[in-house]
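Residue numbers (the UniProt record's numbering), protein chains in the order written: chain A, 1 to 240; chain B, 1 to 352.
Structure (structure tokens):
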């Protein structure tokens, strides 16, 4: 993992008086999908939010393309080529689908071929283009959340549980969209509880427990070692 | 063409379209449709309050920022023109200088307040604006040598904008072709242009970012927009437009004073107009300002007529006594907020 687009070095994050992340260190290789796994409350979402600057790191470095972005505001981090798809989807319900998409393209209008790709992947977005996003169904909101991240080229996507609560057909569409992002050369750091999806997409994995990284390696290593899975997460990937 | 003028932001309700068209036509032809000084003065007031309320809605309805300093910016514009006319003589040059100076001062003050307080909680910004606006109102009252104090200042505006100036000897449709008419149309067209500019602004990418920030500042920041920059920008723009409205108001009234431009009562009126019309709709400013100014101006007359008409009945004439107009104005507002919680525009757009 020599060519890392993102490296966390001894990162510690507090939320109010609680110490959530302790000495978190791992790399996200360029052009690969890294799955961030672990039990609920292990600190996965906090890690993504710390990278994006939404929670300030108390200590440590967040190196993006060799630059420490730990103390920078989220807007500046976003403009460096990072996009976050939060667990709660992070869409703007008062705005139309079109406005949501336009906002996501911070550097200018969305290219026509990219929009075509988004409509091919997520047809409901074209159907409800002028509808307030708040009126979309849960699955459609998740499509919009992912589509927003795809609105323009990003170097690194931070995606938090994209399949949560979605029907299998929609999950398949999301997997296809993630693969197309990966095929375009983007790097992805994804939190996912759906092990089938994690296995289908992941190249590498980092496992967290109690705010610490407890294991890193390839996804194949983890997927093929049931004992390791149970030891690390108390779950087996074979369940999916 | 029309869609381009209104930036594609249609009223989205047939009833609202009819009401807005009626208001536009009434204001455009007010001097010919409603002869007399009082109706023309009411029409000019409606125009000026449309600008003032719409500029406040930019901040409150689109940016989600609560400010109590809007009348301060309004007053800065009005006093800017007043002081320049006082010291530079009655000329359009003095009007232009005073207007621009007022707008620059308003922008600078808004920038400083925003930079100091918009980074923190919204309530802090509201409190700061309240404190600064109160301080400015007191200062204006105290500096009587410069501002005329509580008495205010009577302005000598350019002759071309006064009734003494006649640009046509004959009356047309019974209306004198004089400077007062020119002054009214200056107010009307300024309102029309500024309103269309603000409509363009809220329907631009800038407007979308503001709406996104209003909904969730945290998310907007994560997408890549510096929330404090956008909030500061809208505060400054809103303050400059309010100052411009103040300058136009001073020219129309030919008078400035703390009660007409800086008082907290006007601030409350603006808040009520925004709420009655509908926050975050722009068209709400037109409806809110029209309903409010008409009620303020004519409710007393209407009640007098109603009191006379019901004089044979017990109790009712007393209740409708014109002296109780403020009570009924209050009742009207409570009813309007009860029945139109999203404002008149929100209600009409929601009724399919």
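Just so you know, even glycine gets a beta-carbon here, dropped at the ideal spot from N, CA and C.
Counted as a single uninterrupted DSSP element, the beta strand (DSSP E) harbouring residue 26 of chain A occupies residues 18 to 29. Here residue 175 of chain B has 31, 32, 35 and 181 as same chain residues with Cβ atoms under 8 Å from its own Cβ, once five neighbours each way along the sequence are excluded. Here the alpha carbons of residue 60 of chain B and residue 122 of chain B stand approximately 11 Å from one another.
Here the C-alpha atom of residue 161 of chain A lies approximately 19 Å from the C-alpha atom of residue 229 of chain A. Beta bridge pairing from DSSP links residue 129 of chain A with no other residue. Here the alpha carbons of residue 274 of chain B and residue 54 of chain B stand approximately 8 Å from one another.
Per the C-alpha coordinates, the member of A:118, A:152 and A:28 positioned closest to residue 187 of chain A is A:28.
For residue 84 of chain A, the uninterrupted beta strand (DSSP E) segment begins and ends at 82 to 85. Membership of residue 64 of chain A in the beta strand (DSSP E) is indicated by the continuous run 57 to 64. Taking a Cβ-Cβ threshold of 8 Å, the residues of chain B close to residue 106 of chain A are 223, 224 and 225, in chain order.
Cβ atoms of residue 344 of chain B and residue 287 of chain B come within 8 Å of each other, at about 5 Å. Counted as a single uninterrupted DSSP element, the alpha helix (DSSP H) harbouring residue 211 of chain B occupies residues 205 to 215. Residue 11 of chain B has a beta carbon lying at 8 Å or more from every beta carbon in chain A.
Taking a cut-off of 8 Å for Cβ pairs, the stretch 45 to 53 of chain B and the stretch 108 to 123 of chain B do not touch, as fewer than three such pairs fall below it. For residue 68 of chain A, the three-state secondary structure derived from DSSP is strand. Between residue 222 of chain B and residue 78 of chain A, the C-beta spacing is below 8 Å. From the listed residues B:156, B:239, B:6 and B:265, the smallest Cα separation to residue 91 of chain B is found for B:156. For residue 123 of chain B, the uninterrupted alpha helix (DSSP H) run begins and ends at 122 to 142, by DSSP.
Shown in chain order are the members of the stretch 196 to 212 of chain B whose Cβ falls below 8 Å from a Cβ of chain A: 205, 208, 209, 211 and 212.
Beta bridge pairing from DSSP links residue 4 of chain A with A:29. The alpha-carbon of residue 221 of chain A is positioned some 14 Å away from that of residue 200 of chain A. Residue-level contact check: residue 218 of chain B touches chain A, since one or more beta carbons of chain A fall below 8 Å from its beta carbon. Taking 7 Å as the cut-off between beta carbons, the residues of the stretch 74 to 86 of chain A near chain B are 74, 75, 78, 79 and 84, in sequence order.
For residue 99 of chain B, the enclosing alpha helix (DSSP H) has its first and last residue at 92 to 117.
Below the 7 Å Cβ cutoff, chain B contributes 208 as neighbours of residue 99 of chain A, in chain order. Residue 14 of chain A is bridged by DSSP to A:19. Against residue 215 of chain B, the close residues of chain A are 92, 93, 94 and 95, in the order they occur along the chain (beta-carbon pairs closer than 8 Å). Ranked by Cα distance from residue 133 of chain A, the options A:6, A:176 and A:89 are led by A:89.
Contact between residue 105 of chain A and residue 67 of chain A fails: their C-beta atoms lie close to 23 Å from each other, not under 8 Å. For residue 154 of chain B, the number of other beta carbons within 10 angstroms of its own is below 16, and it is reported as exposed.
Along the stretch 51 to 73 of chain A, the positions whose C-beta sits under 9 Å from a C-beta of chain B are 52, 53, 54 and 73, read in chain order. The three-state reading of DSSP puts residue 36 of chain A in strand, counting E and B together. By the 16-neighbour rule on beta-carbons within 10 angstroms, residue 150 of chain B is exposed. For residue 166 of chain A, not one C-beta of chain B is nearer than 8 Å to its own C-beta. Judged by DSSP in its simplified three-state form, residue 311 of chain B adopts coil rather than helix or strand. Here residue 35 of chain A is buried, its C-beta having at least 16 other C-beta atoms within 10 Å.
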